[in-house]
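The opening position of the sequence shown corresponds to residue 54 in the working numbering, with each subsequent residue numbered one higher. Report on the following structure.
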Amino acid sequence: MQVHEADQAGFAGIDWSKPWFAQFAGRGGRWQQAALTSYAALLAQMNADAREMRRTTGRGQRLAFIAQDDLPPGAAYEAHIASTGCVPTRHNLHDFFNGSMWFAFPRIKAALNARQSAAIDVLGVGPTRGGVRDTLTLFDENALLFACADPALSAALRGFDWQTLLVTGRGAWGTQCEVRCFGHALLEKLIAPFKACTGHAWVVEVPPAYFDWDAATRDAWLDEAVSAALLNTEALTSRMFAPLPVLGIPGWWPENESPSFYDDAAVFRTGRRTR
Numbered sequence: 054m055q056v057h058e059a060d061q062a063g064f065a066g067i068d069w070s071k072p073w074f075a076q077f078a079g080r081g082g083r084w085q086q087a088a089l090t091s092y093a094a095l096l097a098q099m100n101a102d103a104r105e106m107r108r109t110t111g112r113g114q115r116l117a118f119i120a121q122d123d124l125p126p127g128a129a130y131e132a133h134i135a136s137t138g139c140v141p142t143r144h145n146l147h148d149f150f151n152g153s154m155w156f157a158f159p160r161i162k163a164a165l166n167a168r169q170s171a172a173i174d175v176l177g178v179g180p181t182r183g184g185v186r187d188t189l190t191l192f193d194e195n196a197l198l199f200a201c202a203d204p205a206l207s208a209a210l211r212g213f214d215w216q217t218l219l220v221t222g223r224g225a226w227g228t229q230c231e232v233r234c235f236g237h238a239l240l241e242k243l244i245a246p247f248k249a250c251t252g253h254a255w256v257v258e259v260p261p262a263y264f265d266w267d268a269a270t271r272d273a274w275l276d277e278a279v280s281a282a283l284l285n286t287e288a289l290t291s292r293m294f295a296p297l298p299v300l301g302i303p304g305w306w307p308e309n310e311s312p313s314f315y316d317d318a319a320v321f322r323t324g325r326r327t328r
């Protein structure tokens, strides 16, 4: 199967030097070349990596990727992944980045799948997901992992105090706090970044030593800590997230070097917690 022009433009548009993509560049570059070749080549590359890395899904099934058309009629997506290990995957950016997360943060993806499939077991697949499943979906699609060793910075994020978090506290980024992109829909949007592009930040309290570790060790620690929280927090709600405009993250966009970048109240809002 050949690549449609729109898909080809999308895959070709991934700039791995961008901060939000750079963490996935090693594997992502190989997947990108496969995706530009054909749908079959992409699935083959994803499955080769899955066999090598021995990833598992929410109920311990060995991870694999299948064409979307191979999802049985009437089967629920998350339940199918949990029971078979097979992730239905389309030839598009959305599913490309979704697949990437199974390698970048495998425990988090497995935890999301476990919670989703457990909820489906209890409630079935209805016209609405329910609060917990909605929160899990929001995490899967749009989450940022905000790793922070300074409670004052976490409080600034939760309180919409952009001046403290992003202007006066700018020097703390990289030494006391940082962000990892997780949501695959968010990554898809960041192919063509815009100022109002906002992720849902999940705050992760980390030890000060975290910032002395290399990137792989940090990611493994985040993967373990966040997956445990997702599995052990019964009452998951959307209020557990804090909105964070991605292009406002220090070092992620040249224009935010100017403090006036943050004066745009339509993007950097005061928020519900301060009203």
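C-beta: ideal position from N, C-alpha, C; glycine also.
Taking the Cβ atoms as the reference, Val320 lies roughly 15 Å from Pro303, outside the contact range of under 8 Å. Exposure of Asp267 is indicated by the presence of fewer than 16 other C-beta atoms within 10 angstroms of its C-beta.
Looking at the backbone, the Cα of Val232 and that of Phe74 are separated by about 12 Å. When C-alpha distances from Gly236 are compared across Trp255, Ala249 and Thr228, the shortest belongs to Trp255.
Bridge pairing for Phe118: Val140 [DSSP]. Annotation for Ala278: Val257 place their beta carbon closer than 7 Å to its own, counting only its chain and skipping 5 residues before and after. By the Cβ criterion, the segment 237–247 is not in contact with the segment 210–217, since fewer than three pairs of Cβ atoms, one from each stretch, lie closer than 8 Å.
Our two residues, Gln86 and Asp68, have alpha carbons roughly 13 Å apart in a direct line.
Taking the C-beta atoms as reference points, Leu239 is found no nearer than 8 Å to Asn285.
By the criterion of a C-beta distance shorter than 7 Å, Thr110 is surrounded in its chain by Leu116, Ile134, Ala135, Gly138, Ala163 and Asn166, once the five residues flanking it on both sides are discounted. Counting other Cβ atoms within 10 Å of its Cβ, Arg107 stays below 16 and is therefore classed as exposed. When only Cα atoms are considered, Gln121 and Leu96 end up about 11 Å apart. Where Thr251 is concerned, there is no enclosing alpha helix (DSSP H), although the beta strand (DSSP E) around it starts and stops at Thr251 to Glu258. Under DSSP, the beta-bridge partners assigned to Phe199 are Val232 and Val256.
Closest by C-alpha distance to Arg322, out of Thr290, Thr251 and Ser311, is Thr251.
Rounded to whole angstroms, the Cβ separation of Ser153 and Gly81 is 6 Å, and the two are in contact under 8 Å. Per DSSP, Ala129 is not a residue of any beta strand (DSSP E), being assigned neither H nor E.
In the DSSP assignment, Ala295 is bridged to Ala254. Phe118 and Gly63 have their C-alpha atoms spaced approximately 20 Å apart.
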